[in-house]
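Asker: Residue numbers (our numbering): 134 to 278. Below is one structure. I have some questions about it.
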Ligand code: FES
């Protein structure tokens, strides 16, 4: 393993062990649940907007899952603060995958995208933002509600 991969792994492990944004938001402005049916892991995402009703003030998550799903969701909560609902709805998944930094198998990819897909669904439900183009594929593979 290269030094670079090792570094990414340490960052992932740190997010897993000390997740940012873990918890819930009472009376959240947007909320959704996602499940990865391959393993049964679930995540619930809560969003609070700023006074303008559109800029993301805070994102929190609860649930359980593997290191990749939890670390990716933890990273996500830091990435999206201060962005508009539309910016996050159209955030390319590559941006999150770059942050994760290590190559992922197709099975691991679902783990990594569980939080992002659930967040996009929460925004869609609350604000009517569009769901991503690749959604049709992901929605079948992840159980989102
Ligand atoms: Fe369940 Fe990764 S193994 S989300």
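C-beta: ideal position from N, C-alpha, C; glycine also. Note that this is a predicted model, so its numbers are computed, not measured.
Closest by CA to residue 251, which one among 185, 135, 210?
Answerer: Of the listed residues, the one whose Cα sits closest to residue 251 is 210.
Asker: Comparing the CB of residue 247 with every heavy atom of the ligand FES, is any distance shorter than 7 Å?
Answerer: Answer for residue 247: yes, Cβ within range of the ligand FES.
Asker: At a cut-off of 7 Å, would you count residue 201 as near the ligand FES, judging by its Cβ distance to the nearest heavy atom?
Answerer: Answer for residue 201: yes, Cβ within range of the ligand FES.
Asker: Is any heavy atom of the ligand FES found at a distance shorter than 7 Å from the C-beta of residue 198?
Answerer: The answer is yes for residue 198.
Asker: Within the present structure, is the beta-carbon of residue 174 separated from the nearest heavy atom of the ligand FES by less than 7 Å?
Answerer: Yes, since a heavy atom of the ligand FES falls inside the 7 Å radius drawn around the Cβ of residue 174.
Asker: What are the residues that DSSP puts in a beta bridge with residue 192?
Answerer: According to DSSP, which records beta bridges pairwise, residue 192 is partnered with 180.
Asker: Put residue 171 into one of helix, strand or coil per three-state DSSP.
Answerer: Of the three classes helix, strand and coil, the one that applies to residue 171 here is coil, per DSSP.
Asker: For residue 138, report the span of its alpha helix (DSSP H) as first-last.
Answerer: First-last of the alpha helix (DSSP H) with residue 138: 136 to 150.
Asker: By Cβ distance, which residues of its chain are closer than 6 Å to residue 260, with the 5 residues on each side in sequence left out?
Answerer: Excluding residues within five positions, the ones whose Cβ falls inside 6 Å are 218.
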